[in-house]
Each structure stands twice: as structure tokens, then as C-alpha cells.
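Residue numbers (the working numbering), protein chains in the order written: chain A, 2 to 172; chain B, 9 to 94.
Data first, discussion second: the structure below is written as C-alpha cells.
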């Protein structure tokens, strides 16, 4: 990870190294958040391009947290715009559709979690992934989401309940 | 990965465990992903440099033109006033 303060814009070589170091976790996070791998790669590219263009604004500290902040905004905007474009396709998957057995007889655990996440409203999916995939603490989540820590706790509680309701209804 | 957040209670630990498989997942991207991102970033820079003037730039240019014109008119008018004063 590039840890130095970016007082000057990144050189192309530095930027490519940054992308290589950070692309894995970012695309994984965005894939589960947006429930679409190609959309995740598109948004990941936008995140890195934004970071490149604004590298002079980086104030040092946790580079991954800075990228995460950019990703939070861009993913939300992308999801909102996509929802407008594909209003009917992007609706949550009904719980009963999640219980259909796969050809192998049962969904893999990871697939089941992914499908369950995809069935949840975006804000619930977002907090669950921030907390349990990205392992963020409450203050960082509050900062990213622009709400208080008590608000984060409440949203997490509701998100867990919603997740369990869908996940628990699997066949 | 930073590890389990220090402020995570027992109830949350269950969820943390449930997501363990996802955290272990390694995402494979095509070899040229970073190259494509770099190309896109540099393309964006080039577009910014060649971008048409913004509304503010156009407006400020217009203001300068108006100010110049006004100055010229004021000069003529001033001359007349000067003449009148005299």
C-alpha cells in the first residue's frame, strides 16, 4: 500500500502500483455492495480515477480509508442512478426466490450470503459489508455514512434482523 | 484487513464469523485492469485540459468585454463631460 503523504500528484507508475495493491478488496466490497461484478469493476475504476485526479488532496494517514470514502460516495450514486435506469430489475429479490435449490442441491454458503445481501435494501447491505466484511469500527462507519454512532448501531441492528429473516428462510 | 473491530459484541461476533468466508475470498482481476484504470485516468486529465470553457469562464470573459466597452463609452462620455465642464 502507498503510505506516504501525497503532496504531489501520483506518477503513473505509483498510481498503477496503488491500483494493484488496493484493487482486490475494493472490487470484492463493491461486488457484494452492488450485487454485480461488472458494475463493481466499473465503480472501482471510477474510484481510482477520482483518487488519481485528487491525489493532491490526500492529507496522509490511512490511504485505504480515503479510497473507501470515495467508494462510498461513488457506489451510492451509481446504485441510485442504476436504480433509476433499471427500476424494475434492481428491486430486491423476493425471499422465496432465494430458497430455490441450485443444480447441486444447495447453494454454497458464500453464494447464499451474497444472494441474501442482494435481497436487502442498499443501506442495510452497506452497513453489513462495512462492519463484517471490511471490519470497520463504529466511528469510521459513522464518518463514512455521515450519521452518528447510535444511528449506525440502529441501522446495523435492523440490517442484521433483515438479513436473518431472509437468510433463515432458506430451504 | 484490520481484524475484528474492538467494539464488536457477542451478537455481532456471530455475524463476523458468518462473513469469514467472504473475507477470505481473493478477487481475481484481469492483468490489464490497472493499466486500463491508468489509461482512463490519463484520458480524463487530457479531456480536462482540452475541455471547453466553463460557464463561469465564459461569463467572466463576457464581463471583461463589457467592462472594456463601458470604459470606451465612458471615455467618450467623459470627454464630452469634460468639454461640458469647460
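C-beta atoms are modelled at their ideal positions from N, C-alpha and C, and glycine is treated no differently.
Where residue 122 of chain A meets chain B, residues with beta-carbon distance less than 7 Å: In chain order: nothing, as chain B lies at least about 17 Å away.
Chain-ordered residues of the segment 44-70 of chain A with a beta carbon less than 7 Å from chain B: 46, 49, 50, 53, 54
Min CB distance residue 11 of chain B to chain A below 8 Å: yes
Proximity test, Cβ basis, 8 Å: residue 15 of chain A and chain B: no
Backbone secondary structure at residue 24 of chain B - three-state DSSP: helix
Euclidean distance between Cα positions of residue 26 of chain A and residue 21 of chain B: 21 Å
The segment 16-31 of chain A touching the segment 41-60 of chain A, judged by at least three CB pairs closer than 8 Å: yes
Closer than 7 Å at the beta carbon, the chain A residues around residue 52 of chain B: 50, 54
Anticipated Cβ contact below 8 Å, residue 169 of chain A with residue 36 of chain A, distance rounded: Not a contact, Cβ separation roughly 20 Å.
Within-8 Å CB hit, residue 29 of chain B to chain A: yes
Nearest residue (CA-CA) to residue 47 of chain B, options A/38, A/39, A/46: A/46
Own chain, CB closer than 7 Å to residue 24 of chain B, minus 5 neighbours either side, in chain order: 12, 16
Neighbouring residues, chain A, relative to residue 15 of chain B (Cβ below 8 Å): 138, 139
Test: residue 127 of chain A CB closer than 8 Å to a CB of chain B: no
Residue-level contact to chain B via CB, residue 145 of chain A, 8 Å cutoff: no
Cβ of residue 110 of chain A within 8 Å of any chain B Cβ: yes
CA nearest to the CA of residue 76 of chain A, picked from A/130, A/136, A/159, A/59: A/130
Where the alpha helix (DSSP H) through residue 74 of chain A begins and ends: 64-86
Cutoff 7 Å; reference residue 38 of chain A; Cβ partners in own chain excluding five residues on either side: 32
Reference residue 145 of chain A; option with closest CA among A/164, A/49, A/124, A/159: A/124
Other residues of its chain near residue 79 of chain A: CB distance less than 8 Å, five sequence neighbours each side excluded: 35, 40, 43, 44, 47
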